[in-house]
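The block underneath contains the structure these notes are about, expressed in structure tokens.
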Amino acid sequence: MSDEGIVLDSAKELWRTLLPKLKAERPILGLSVVLALLAALAGVHVLVILPFWIVFVAVILNRSEPAEQPSAPAVAAAAEGGSDPLVPVLNALDMPVLVIAADETVLFQNNAAEKTFGRIPPDSYLAARVRSPDILDMVRETIATGKVNQIEHAERLPSDAVYVVRVAPADIGGGDFGRRVFLLTYRDISQARRIDRMRSDFVANASHELRTPLASLRGFIETLQGPARNDLKAQEKFFGIMHEQVTRMSRLVDDLLSLSRLELRSHIAPDEPVDLVPLLGHVRDGLAPLARDLDVTISLEAPETPVVVKGDRDELIEVFENLIENACKYGQEGQKVDVRLTGGGDGQAEVVVTDYGPGIPAEHVPRITERFYRVNVEASRSKKGTGLGLAIVKHILTRHRARLLIHSEIGKGTVFTVRF
Numbered sequence: 111m112s113d114e115g116i117v118l119d120s121a122k123e124l125w126r127t128l129l130p131k132l133k134a135e136r137p138i139l140g141l142s143v144v145l146a147l148l149a150a151l152a153g154v155h156v157l158v159i160l161p162f163w164i165v166f167v168a169v170i171l172n173r174s175e176p177a178e179q180p181s182a183p184a185v186a187a188a189a190e191g192g193s194d195p196l197v198p199v200l201n202a203l204d205m206p207v208l209v210i211a212a213d214e215t216v217l218f219q220n221n222a223a224e225k226t227f228g229r230i231p232p233d234s235y236l237a238a239r240v241r242s243p244d245i246l247d248m249v250r251e252t253i254a255t256g257k258v259n260q261i262e263h264a265e266r267l268p269s270d271a272v273y274v275v276r277v278a279p280a281d282i283g284g285g286d287f288g289r290r291v292f293l294l295t296y297r298d299i300s301q302a303r304r305i306d307r308m309r310s311d312f313v314a315n316a317s318h319e320l321r322t323p324l325a326s327l328r329g330f331i332e333t334l335q336g337p338a339r340n341d342l343k344a345q346e347k348f349f350g351i352m353h354e355q356v357t358r359m360s361r362l363v364d365d366l367l368s369l370s371r372l373e374l375r376s377h378i379a380p381d382e383p384v385d386l387v388p389l390l391g392h393v394r395d396g397l398a399p400l401a402r403d404l405d406v407t408i409s410l411e412a413p414e415t416p417v418v419v420k421g422d423r424d425e426l427i428e429v430f431e432n433l434i435e436n437a438c439k440y441g442q443e444g445q446k447v448d449v450r451l452t453g454g455g456d457g458q459a460e461v462v463v464t465d466y467g468p469g470i471p472a473e474h475v476p477r478i479t480e481r482f483y484r485v486n487v488e489a490s491r492s493k494k495g496t497g498l499g500l501a502i503v504k505h506i507l508t509r510h511r512a513r514l515l516i517h518s519e520i521g522k523g524t525v526f527t528v529r530f
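Residue numbers (the numbering used here): 111 to 530.
The structure is reproduced here in structure tokens:
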């Protein structure tokens, strides 16, 4: 290729490079031409104007172009239209995610974040929506250093929740982001914390429940070995109390083992057909001596046709024994307990156990199925309760995919409804 051809190709390539810049800078270049003409009309020599004009144009054409930054409206538009491939990915996550710019403005929030925290307007500063100083300081540190950070954060409103809040930088090329952004994520660990708290409470309560009868037994044994060694009357009294304490511990251990077995099988629903009509009759007859001792009458109202549910017969007997026995013991003042069975055929089976005792205060009702929770500790122990009966009932019904509903009024009694 000749020198002229090389020069011509170079000129064409230069023109192709300069043409977009010339178009982009048309207003300011046009203004510079007007100013040069005005200077020439004012008498300034063209040899003076031309060098200055050439330098000016060269500076304008060679200045660095700022990187295009994504605006919040653009990100919002991408979220609505799904044009950016990141949007459906972030929206598919079940944890709240906020995309933060280096100036601490929120560029994007996924669906989970909008559901949890409400909609954040475009270009909102993070500090206007997040009130936790610890989270804001963590975000600012990550923006300044580029290092990943996380903390544990507890929310009190609208409900108690615990999150692991994590912020990490992300260099995203292309799309609507095209720069370094920061992902602020919230991982909900509330359920894990509640389980940890329940486990700690359970160990503490179980230890306390076993410690009391053990301390009592130890005291009686020491007394029988010492002052009451030759006192036959005291020995007879103490042996009776010791027998009650051992029986109580035995019931407690049995209930703990029942709970453990139920937890192991909680995910397996029983599928054996069980007719509730004869089952409830069996439970009523079995509790008749206890009801007679407490001067309580148990009435059973059931249809003449079978009411069959899928379940485990022994476990369902345990459920209704617990409910009816509790109604007799704690509703003793009302002197009667009504048991009503409805359903059958294609209808929903439902068992309602009603006592007419003193009732349960409203603040205690949501918690009475918790392990070792007692409305009245002394009354429960005097009636030989372990504090685990209703917890066992709840676990069995959960395994049977059934519900336990509790309604109580002070002075009018309590209604337990088992709905299959």
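Note that the Cβ used here is the ideal one computed from N, Cα and C, for glycine as well.
With H, G and I counted as helix, E and B as strand and the rest as coil, what does DSSP make of VAL258? Locating residue 258 in the sequence shown gives position 148, counting from the first residue. Residue state for VAL258 is assigned as coil, using DSSP reduced to three classes.
In the structure shown, what three-state DSSP assignment does GLY192 receive? Sequence index remark: in the sequence shown, residue 192 carries index 82 (1-based). Here the model assigns GLY192 a pLDDT of 44, short of 50, so the residue's position is not dependable and the matter cannot be decided.
Got a sec, what are the start and stop residues for the alpha helix (DSSP H) ASP548 sits in? The first residue shown for the chain is 111 and the last is 530, placing residue 548 beyond what the model contains.
So, using beta-carbon positions, are ILE470 and VAL485 closer together than 8 angstroms? Along the sequence shown, one-based indexing puts residue 470 at 360. Along the sequence shown, one-based indexing puts residue 485 at 375. Cβ distance < 8 angstroms, so ILE470 and VAL485 count as in contact.
So, are the CB atoms of GLY441 and TYR466 less than 8 angstroms apart? Sequence index remark: in the sequence shown, residue 441 carries index 331 (1-based). Sequence index remark: in the sequence shown, residue 466 carries index 356 (1-based). Cβ atoms of GLY441 and TYR466: closer than 8 angstroms.
For ILE261 versus ILE245, is the C-beta spacing smaller than 8 angstroms? The residue you call residue 261 lines up with position 151 of the sequence shown. The residue you call residue 245 lines up with position 135 of the sequence shown. Yes.
Helix, strand or coil for TYR235? Go by DSSP, reduced to three states. Translated into the one-based positions of the sequence shown, residue 235 becomes position 125. The answer is strand: DSSP assigns TYR235 an E or B state.
So, is LYS439 buried or exposed, given that buried needs 16 or more other C-beta atoms within 10 angstroms? For the purposes of this step, residue 439 is taken as residue 329 along the sequence shown, with counting starting at 1. With a threshold of 16 other beta carbon atoms within 10 Å, LYS439 meets it and is buried.
Just to confirm the assignment, what range does the beta strand (DSSP E) spanning GLU519 have? The residue given as residue 519 occupies position 409 in the sequence shown. GLU519 -> beta strand (DSSP E) spans 513–519.
Helix, strand or coil at ARG339 [DSSP, three-state]: Position 229 of the sequence shown, counted from the start, is the residue given in the question as residue 339. Assignment of ARG339 by DSSP, reduced to helix, strand and coil, places it in the coil class.
Would ASP365 be called buried (16 or more neighbouring beta carbons within 10 Å of its own) or exposed? Reading the sequence shown from its first residue, position 255 is the one you call residue 365. Buried, since its Cβ has 16 or more Cβ neighbours within 10 Å.
Does the beta-carbon of LEU236 have 16 or more other beta-carbons within 10 angstroms, so that it is buried, or is it exposed? Locating residue 236 in the sequence shown gives position 126, counting from the first residue. Classification of LEU236: buried, given that the 10 Å Cβ count is 16 or more.
Hey, PHE227 and ARG239: beta-carbon distance below 8 angstroms or not? Indexing the sequence shown from 1 puts residue 227 at position 117. Indexing the sequence shown from 1 puts residue 239 at position 129. Contact flag set, yes.
Are HIS505 and LEU372 touching if we call contact CB-CB under 8 angstroms? The residue given as residue 505 occupies position 395 in the sequence shown. The residue given as residue 372 occupies position 262 in the sequence shown. Between HIS505 and LEU372, the C-beta spacing is below 8 angstroms.
What whole-angstrom Cβ distance do GLN459 and PHE526 have, given they're in contact under 8 angstroms? Locating residue 459 in the sequence shown gives position 349, counting from the first residue. Locating residue 526 in the sequence shown gives position 416, counting from the first residue. Sequence check: residue 459 is Ala here, not Gln. About 15 angstroms separates the Cβ atoms of ALA459 and PHE526, ruling out a contact at the 8 angstroms cut-off.
What are the residues that DSSP puts in a beta bridge with THR527? The count along the sequence shown starts at 1 and reaches residue 527 at position 417. Residue pairing for THR527: DSSP places it in a beta bridge opposite VAL462, LEU515.
Would you list the residues sitting across from LEU208 in a DSSP beta bridge? Taking the sequence shown and counting its residues from 1, one reaches residue 208 at position 98. Secondary-structure assignment with DSSP links LEU208 through a beta bridge to GLN219, LEU294.
Rounded straight-line distance, which links the Cα of ARG303 to that of ALA211: As a first step, residue 211 is located in the sequence shown; it is residue number 101 there, counting from the start. As a first step, residue 303 is located in the sequence shown; it is residue number 193 there, counting from the start. Approximately 32 angstroms between the Cα atoms of the pair.
Thinking C-alpha only, which one of PRO380, LEU404, PRO413, SER370 is nearest GLY391? Mapped onto the sequence shown, residue 391 falls at position 281. The shortest Cα separation from GLY391 among PRO380, LEU404, PRO413, SER370 belongs to PRO413.
How would you call GLU346, buried or exposed, if buried means at least 16 neighbouring beta carbons within 10 angstroms? To locate residue 346, count along the sequence shown from 1; it is residue 236. So GLU346 ends up on the exposed side.
Delimiting residues of the beta strand (DSSP E) encompassing GLY499: Residue 499 sits at position 389 when you count from the first residue of the sequence shown. Premise fails: GLY499 lies in the alpha helix (DSSP H), 499–509, not in any beta strand (DSSP E).
Does the beta-carbon of GLN301 have 16 or more other beta-carbons within 10 angstroms, so that it is buried, or is it exposed? The residue you call residue 301 lines up with position 191 of the sequence shown. By the neighbour-count rule (16 or more Cβ atoms within 10 Å), GLN301 is not buried but exposed.
Check whether the Cβ atoms of VAL463 and LEU426 sit closer than 8 angstroms, and answer yes or no. Translated into positions along the sequence shown, residue 463 becomes position 353. Translated into positions along the sequence shown, residue 426 becomes position 316. No. Outside cutoff.
TYR273 versus THR415: straight-line alpha-carbon distance, rounded: Reading the sequence shown from its first residue, position 163 is the one you call residue 273. Reading the sequence shown from its first residue, position 305 is the one you call residue 415. Whole-angstrom Cα-Cα distance: 52 angstroms.
Name the DSSP bridge partner or partners of GLY228? As a first step, residue 228 is located in the sequence shown; it is residue number 118 there, counting from the start. Residue pairing by DSSP leaves GLY228 without any beta bridge partner.
From what residue to what residue does the beta strand (DSSP E) around ALA437 run? Translated into positions along the sequence shown, residue 437 becomes position 327. It is not in any beta strand (DSSP E) - ALA437 instead sits in the alpha helix (DSSP H) that spans 423–440.
Going by DSSP in three states, ALA316 sits in which element: helix, strand or coil? The sequence position of residue 316 within the sequence shown is 206, counting from 1. ALA316 carries a helical assignment under DSSP once its states are collapsed to helix, strand and coil.
Boundaries of the beta strand (DSSP E) in which SER242 is found, first to last residue: Against the sequence shown, residue 242 aligns to sequence position 132. Where SER242 is concerned, there is no enclosing beta strand (DSSP E), because DSSP gives it neither an H nor an E.
Where does LEU342 land, buried or exposed, given buried means 16+ other C-beta within 10 angstroms? In the sequence shown, residue 342 corresponds to position 232, counting from 1. Counting Cβ neighbours within 10 Å, LEU342 comes out exposed, since fewer than 16 surround it.
Figure out for me which residue from GLU382, PRO468, MET248 has the closest Cα to the Cα of LYS420. In the sequence shown, counting from the first residue as 1, residue 420 sits at position 310. For the residues GLU382, PRO468, MET248, the minimum Cα distance to LYS420 belongs to GLU382.
Would you give the residue range spanned by the beta strand (DSSP E) that TYR273 belongs to? For this step, residue 273 is matched to residue 163 along the sequence shown. 271–282 is the extent of the beta strand (DSSP E) around TYR273.
If the criterion is Cβ atoms closer than 8 angstroms, does the pair ALA222 and VAL207 meet it? Start at 1 with the first residue of the sequence shown, and residue 222 comes out as number 112. Start at 1 with the first residue of the sequence shown, and residue 207 comes out as number 97. Yes. Within cutoff.
For ARG450, does the three-state DSSP call read helix, strand or coil? As a first step, residue 450 is located in the sequence shown; it is residue number 340 there, counting from the start. In this structure, ARG450 counts as strand in the three-state DSSP scheme.
For VAL475 versus ILE434, is the C-beta spacing smaller than 8 angstroms? Start at 1 with the first residue of the sequence shown, and residue 475 comes out as number 365. Start at 1 with the first residue of the sequence shown, and residue 434 comes out as number 324. Not a contact, by the Cβ cut-off of 8 angstroms.
Inter-residue Cα distance where the pair is VAL417 and ARG423: Here the question's residue 417 lines up with position 307 in the sequence shown. Here the question's residue 423 lines up with position 313 in the sequence shown. For VAL417 and ARG423, the gap between their C-alpha atoms comes out near 13 angstroms.
Rounded to whole angstroms, what is the Cα-Cα separation between THR255 and GLY153? The residue given as residue 255 occupies position 145 in the sequence shown. The residue given as residue 153 occupies position 43 in the sequence shown. If I take the Cα positions, the gap works out to 58 angstroms.
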